[in-house]
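Each remark here refers to the structure printed beneath this line.
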Amino acid sequence: MAVFNLLDASRLPACTRAAVFLDFDGTLVDLAPTPDSIAVPDALDTLLSDLLRCLEGAIALVSGRSVSDIVRHLPGYTGIIVGGHGAEWRVGDAVKPRVNVNSDGLSVLTDSAHAFAENHPGTLLERKPTGAVLHYRAAPKMKSHVEQIADELVAQHPEFEAHPAKMAIELRPKGVGKDKALADLMAMPPFKGRTPLMIGDDTTDEPALIWAQARGGLGIKVGEGDSQAHHRLADPNAVRTVLTHWAKEHPACLAD
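Counting from 1, position 165 in the sequence shown corresponds to residue 294 in my numbering; the numbering is continuous, with no gaps.
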């Protein structure tokens, strides 16, 4: 498996030919004990703005977080945001759902997951507009219990699926996934006809990494762990470094 570093940024396609898709947690920012305790580097907004300009708009953040949460952490980023693994999109000023979620079913599911978390110290429920996440980063021994309750919940609510993530289980609507989001985006301008480049760190990113590679693009895994990606970067700092260097290779694209 290849390893990108600062000197390898030249191997990336030219900005005018690339379509870039970026996960957020664990890819652009370091993971933290809880979703709300992440530290967003001050320069990240500027980097994303530079890339948006260099790529002529062909960049999207593709995250499991809600769109509103990404906006809260990156208020200066004006490009496309795909939230909830593809369940909601922000294009321009409009945030629109991409799936129909039964609000009553979602409420019951998240209330049940919340009750579980309340009664099991070290677990944490993260509510989302289209689903929920049960985290057990603070209590790794709870993994099997979290997996069990997740399986029980999706059995009771078959419109949802359970997906393993880093120290967490995602409960999300059927029919969404980052690979499906990439397929939809690549059919639209300004992405259409470009070479897809997907960077992600989690098992939930794997389908998108594989999708990009299968279409002649690049899949880049961030951090340790098994992956089908052909390339790897050590951590979010390495991701930001490579992307910054790449943008600087195209100075005409950057702001004065």
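Built from N, CA and C at the ideal position, the CB exists for glycine as well.
Measuring CB to CB, does residue i end up less than 8 angstroms from residue j?
{"i": "residue 216", "j": "residue 259", "result": "yes"}
{"i": "residue 295", "j": "residue 155", "result": "yes"}
{"i": "residue 301", "j": "residue 157", "result": "no"}
{"i": "residue 191", "j": "residue 343", "result": "no"}
{"i": "residue 196", "j": "residue 221", "result": "no"}
{"i": "residue 378", "j": "residue 139", "result": "yes"}
{"i": "residue 314", "j": "residue 327", "result": "no"}
{"i": "residue 239", "j": "residue 261", "result": "yes"}
Find the nearest neighbour of residue i within the set the options, judged by alpha-carbon distance.
{"i": "residue 257", "options": "269, 251, 247 and 242", "result": "242"}
{"i": "residue 360", "options": "149, 350, 322 and 366", "result": "350"}
{"i": "residue 147", "options": "163, 184 and 307", "result": "184"}
{"i": "residue 144", "options": "200, 358, 322 and 214", "result": "322"}
{"i": "residue 282", "options": "169, 363 and 235", "result": "235"}
How far does the alpha helix (DSSP H) with residue i in it reach, from first residue to last?
{"i": "residue 283", "result": "272 to 285"}
{"i": "residue 315", "result": "307 to 315"}
{"i": "residue 343", "result": "335 to 343"}
{"i": "residue 173", "result": "173 to 183"}
{"i": "residue 235", "result": "232 to 247"}
{"i": "residue 201", "result": "196 to 202"}
Give me the DSSP bridge partner(s) of residue i.
{"i": "residue 301", "result": "290"}
{"i": "residue 219", "result": "210 and 224"}
{"i": "residue 376", "result": "Looking at the DSSP assignment, residue 376 forms no beta bridge with any residue, so it has no partner."}
{"i": "residue 189", "result": "150 and 209"}
{"i": "residue 324", "result": "147"}
{"i": "residue 390", "result": "No statement about residue 390 is possible, as the shown extent of the chain runs from 130 to 385 and does not include it."}
{"i": "residue 349", "result": "328 and 360"}
From what residue to what residue does the beta strand (DSSP E) around residue i run?
{"i": "residue 259", "result": "Residue 259 -> no beta strand (DSSP E), and no H or E assigned at all."}
{"i": "residue 361", "result": "360 to 362"}
Any heavy atom of the ligand MG closer than 7 angstroms to the CB of residue i?
{"i": "residue 137", "result": "Absent from the structure shown: the ligand MG. Ligands present: none."}
#### Entry: the region 280 to 297 contacting the region 314 to 334, beta-carbon criterion three pairs below 8 angstroms
yes
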